[in-house]
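Protein chains: 2
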Amino acid sequence: MTRDVRYALIGLGNIGRNLLDIIIHRQEAIAADYGLRFVLVGAADSSGAALSADGLDGADIRDSKQAGLGVAGISGVGRPGMSALEMLESAGAELLVDASPTNLQTGEPGLSCQRWALQHGLHVVAANKGPLVLHYQELTEQAHRQGVRLSFSGTVAGGLPTVNIGVRDLAGSGVTRIEGIFNGTTNYILSCMLEDEVSYDEALRGAQRVGIAEADPTLDVDGWDAANKLVIIANSVLRRPTTLSDLEVEGIRKIRLADLQAAQKAGQAIKLLAVAERQGDDYALSVRPTTLPADHILARTGRWDMAVVYYTDYMGVISAVIEEKGPVPTSAAVLRDMINVYVAG
Amino acid sequence: MTRDVRYALIGLGNIGRNLLDIIIHRQEAIAADYGLRFVLVGAADSSGAALSADGLDGADIRDSKQAGLGVAGISGVGRPGMSALEMLESAGAELLVDASPTNLQTGEPGLSCQRWALQHGLHVVAANKGPLVLHYQELTEQAHRQGVRLSFSGTVAGGLPTVNIGVRDLAGSGVTRIEGIFNGTTNYILSCMLEDEVSYDEALRGAQRVGIAEADPTLDVDGWDAANKLVIIANSVLRRPTTLSDLEVEGIRKIRLADLQAAQKAGQAIKLLAVAERQGDDYALSVRPTTLPADHILARTGRWDMAVVYYTDYMGVISAVIEEKGPVPTSAAVLRDMINVYVAG
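Sequence order for the protein chains is A and B.
Its first residue numbered 0, the first sequence is counted upward by one per residue in numbering that gives the first Met the number 0.
Its first residue numbered 0, the second sequence is counted upward by one per residue in numbering that gives the first Met the number 0.
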């Protein structure tokens with residue numbers, strides 16, 4: 000006996016498309032293990048939208064994207080030019096999945112969609128960081144008032160359950176310090192520089208070739224992506240209302256191969272760390288290149304890893320590391336959030 | 000505005016006493032962060048029980064235990080000779096916390112109490128492994144039928160959120176392999192043998208001196224504690240009905256210092272691993288001394304660490320490590336479970 004969950008998806012980039020693929024492949028397992036069947040009743044991308052009360056066909060979406068048409072190009076169900084918000088208003092969904100691109104100026108188009116969804120009693124699962132970085136308090140309070148879930152474990156970082164460990168597994172204990180390698184791009188670059196003995200520029204080009212760095216890598220290499228994630232962690236795990244302006248942020252542009260080699264010779268390593276350090280009743284929040292002892296668990300992360308260390312009062316020191324070789328784990332994190340909305344405990 | 004949660008506690012050993020201490024120290028934070036106030040309405044240990052609708056005083060319990068009297072010795076509220084089950088039947092609690100000693104033959108006294116609690120609509124939080132190892136299916140199905148929570152994150156292993164990561168953070172993805180260092184005692188012994196260059200017997204004596212090994216260490220050194228934990232993980236994370244007889248189990252008694260040193264020289268390490276390996280539709284389950292490459296995250300664990308590695312299809316490889324220098328993190332894990340029963344998402 001399965002329960003149908005009608006959901007709407009905004010964003011058909013890597014995260015959205017991989018999510019649809021995983022759901023197709025894992026359909027039987029999800030029904031057997033959780034008694035759930037996810038039915039996509041609306042989707043939106045830059046081309047427009049598509050709507051179907053019976054559920055859109057993931058294969059149709061894949062074909063249409065491959066043909067360069069977008070979801071609006073699917074015959075019968077496509078709606079060229081329809082906005083994500085318009086799609087959501089018509090879709091009759093009970094769950095919104097926001098996999099739209101992170102926009103740190105306006106949070107759009109995700110922010111309007113998340114607001115509409117929460118106001119109308121839909122649950123929200125977000126991989127999109129923008130709305131949370133800009134309006135964490137407003138969105139979480141709205142979700143609480145409406146009695147719906149706003150889940151975002153895929154925002155920090157990839158498939159690593161950083162938010163979940165911090166919020167649920169440390170409940171009741173106090174956090175004294177957090178150290179995170181939250182940005183895959185910069186950990187890849189720094190690891191390559193040292194392991195392959197290449198310059199920053201060469202490592203960046205390599206990262207772009209394998210697709211882990213953007214054509215414009217500023218957000219990653221200047222530390223802003225890691226900073227956004229630390230904002231989300233500070234709000235959710237530390238319960239500290241936080242915006243980007245609370246953080247000191249420095250990226251990796253000034254790091255040279257010689258610096259990394261000197262550190263290695265001294266039994267150390269340089270990593271881009273996001274850090275929350277308790278100071279009295281507050282926390283000092285920063286992202287900066289940091290020298291660590293070589294045997295520190297974060298120093299030992301490789302080019303495909305992200306990781307977090309939680310230092311606590313009663314629960315010892317808990318570390319988590321993920322090795323993820325592409326974007327799929329982020330989509331898997333979105334799926335876990337979708338399932339956990341409906342599965343008790 | 001706080002909500003009172005009336006709970007009953009069975010077992011006032013390290014786990015129970017440390018739990019009461021943490022709750023006292025974190026009382027304000029728990030009220031502020033979660034809107035909860037845990038009120039102990041009944042407690043039971045080997046002396047008998049104590050009952051108070053207004054809530055027992057943790058300081059009274061501490062004093063009575065220190066005086067060697069047990070909770071039955073507390074004036075006014077003590078009930079000498081009252082069984083844990085009798086206490087539970089009279090306590091008027093909405094939540095049972097089972098921190099009683101693990102008994103792997105009968106599961107008692109915890110098993111009867113957990114059964115009574117679930118049948119009567121109480122939530123259950125368990126640090127006691129016995130009932131789950133012996134009757135996982137029965138207890139979880141009962142909880143599901145009654146619509147109550149049965150939480151047990153503190154059973155595998157200490158404060159490490161092994162169960163929670165496996166059940167919630169991997170939801171929707173498939174697990175291909177699990178490797179765990181789930182027993183602190185044996186990891187302590189093996190680490191000491193190598194680091195301090197001492198024999199197995201000497202390392203065991205050292206472990207007993209610091210309190211991480213029992214006077215009778217059989218359960219730990221013969222691998223049965225790790226096996227019990229793997230049974231719980233197989234049932235909960237892998238959804239595979241499992242009992243101890245499904246596992247191949249070998250402990251660390253035959254490991255000599257020379258073996259560890261030879262491994263180290265070969266760039267390897269020997270650790271007692273609990274392993275679940277997917278084979279077709281099933282999993283092969285075992286606990287045995289295992290040789291690992293020296294740079295494997297489990298090989299690098301120290302004397303106070305426990306850890307798990309989850310290998311998945313869509314979510315990459317997720318590892319978690321805890322450094323815990325005593326029994327307090329297990330109690331902190333019980334507290335997180337207590338809180339999470341009442342906090343949505």
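From the three backbone atoms N, C-alpha and C, an ideal C-beta is built for every residue, glycine too.
- CB contact below 8 Å: B/SER172 versus chain A: yes
- Query: For B/GLY91, does the count of other Cβ atoms within 10 angstroms reach 16, so buried, or fall short, so exposed?
  - Reply: exposed
- Message: Taking DSSP's pairing of strands, which residues face A/HIS24 in a bridge?
- Response: Paired residues: none, contrary to the question.
- Task: Check whether the Cβ of B/LYS324 lies closer than 8 Å to any Cβ atom in chain A.
- Result: yes
- Query: When the Cα of B/GLY157 is compared with those of B/THR1, B/PHE181 and B/ARG238, which residue comes out closest?
  - Reply: Checked all of B/THR1, B/PHE181 and B/ARG238; the closest Cα to B/GLY157 is B/PHE181.
- Item | B/LYS270 (DSSP reduced to helix, strand or coil) | strand
- Message: Let me check understanding here. Comparing Cα to Cα, which of A/THR1, A/ALA257, A/ALA49 and A/GLY47 lies closest to A/ALA28?
- Response: A/THR1
- Query: Does the beta carbon of B/GLY34 sit closer than 8 Å to a beta carbon anywhere in chain A?
  - Reply: Answer no: the Cβ-Cβ gap between B/GLY34 and chain A never drops below 8 Å.
- Task: Examine the Cβ distances between the stretch 191-202 of chain A and the stretch 157-172 of chain A and report whether three or more of them are shorter than 8 Å.
- Result: no
- Query: So, is the C-beta of B/SER318 closer than 8 Å to a C-beta in chain A?
  - Reply: For B/SER318, the answer is yes, since a Cβ of chain A falls inside 8 Å of its Cβ.
- Message: My parser needs the beta strand (DSSP E) runs of 3 or more residues fully inside the stretch 54-120 of chain B; what are they?
- Response: You should have 77-79 and 94-97.
- Can B/ALA126 and B/ALA98 be called in contact, C-beta distance under 8 Å? yes
- Query: Hey, is B/ASN17 close to the ligand SAH, as in C-beta under 7 Å from one of its heavy atoms?
  - Reply: In the structure shown, the ligand SAH is absent, as is every other ligand, since no ligand is present at all.
- Message: Quick check on A/VAL209 - is its C-beta less than 8 Å from some C-beta in chain B?
- Response: no
- Task: Please check the pair A/ILE21 and B/TYR313, which I expect to be a contact at CB under 8 Å, by giving their CB distance rounded to whole angstroms.
- Result: 5 Å
- Query: According to DSSP, is B/ARG2 helix, strand or coil?
  - Reply: strand
- Query: Which whole-angstrom value is the C-beta distance of B/GLY129 and B/GLY106, which I expect to be below 8 Å?
  - Reply: Rounded, the Cβ-Cβ distance is 4 Å, consistent with contact.
- Where does B/HIS122 sit, in a helix, a strand or coil, going by DSSP? B/HIS122 falls in the strand class under three-state DSSP.
- Per-residue burial, B/GLY10 [other beta carbons within 10 Å of its own, 16 or more giving buried]: buried
- Task: Can you pull the chain A residues whose beta carbon is under 8 Å from the beta carbon of B/GLY12, in chain order?
- Result: Here the premise fails: no neighbours, minimum Cβ distance about 17 Å.
- The alpha helix (DSSP H) with B/MET305 in it runs from where to where? Unbroken run through B/MET305 is the beta strand (DSSP E), 304-311; no alpha helix (DSSP H).
- Query: Which residues of chain A have a Cβ atom closer than 8 Å to the Cβ of B/PRO328, listed in chain order?
  - Reply: TYR313, MET314 and GLY315
- Message: From the DSSP secondary-structure annotation, give me the bridge partner or partners of A/GLN278.
- Response: Its beta-bridge partners are A/ASP281.
- A/ASP53 and A/ASN186: beta carbons closer than 8 Å? No, the pair does not count as a contact, with Cβ atoms beyond the cut-off.
- Shorter than 8 Å from the beta carbon of A/PRO100 to some beta carbon of chain B? For A/PRO100, the nearest beta carbon of chain B is not closer than 8 Å to its own beta carbon.
- Kindly indicate which residue of A/ILE23, A/GLY222, A/VAL96 and A/LEU159 has the alpha-carbon position closest to the one of A/ARG148. A/VAL96
- Query: Of all the CB atoms in chain A, is at least one closer than 8 Å to the CB of B/ASN163?
  - Reply: yes
- Buried or exposed (CB count within 10 angstroms, at least 16 for buried), B/ALA306: buried
- Query: Of the residues A/ASN234, A/LEU218 and A/LEU259, which one's Cα is nearest the Cα of A/LEU284?
  - Reply: A/ASN234
- Got a sec? Which residues, its chain only, sit under 7 Å from B/LYS64 by beta carbon, not counting five neighbours each side? LEU11 and ARG16
- What residues from chain B crowd round A/ASP16, counting only those whose CB sits closer than 7 Å? In the sequence as displayed, the identity of residue 16 of chain A is Arg instead of Asp. Those do not exist, as A/ARG16 stays about 13 Å from chain B at its closest Cβ, beyond 7 Å.
- Query: So which of A/ALA293, A/VAL286 and A/SER111 has the shortest CA-CA distance to A/LYS264?
  - Reply: A/ALA293
- Item | Inter-residue Cα distance where the pair is B/THR329 and B/GLU323 | 9 Å
- Item | Range covered by the beta strand (DSSP E) that runs through B/ALA319 | 316-322
- Message: For A/SER198 and A/ILE211, what's the separation of their Cα atoms in angstroms?
- Response: 17 Å
- Query: Three or more beta-carbon pairs under 8 Å between the stretch 136-148 of chain A and the stretch 220-229 of chain A, yes or no?
  - Reply: no
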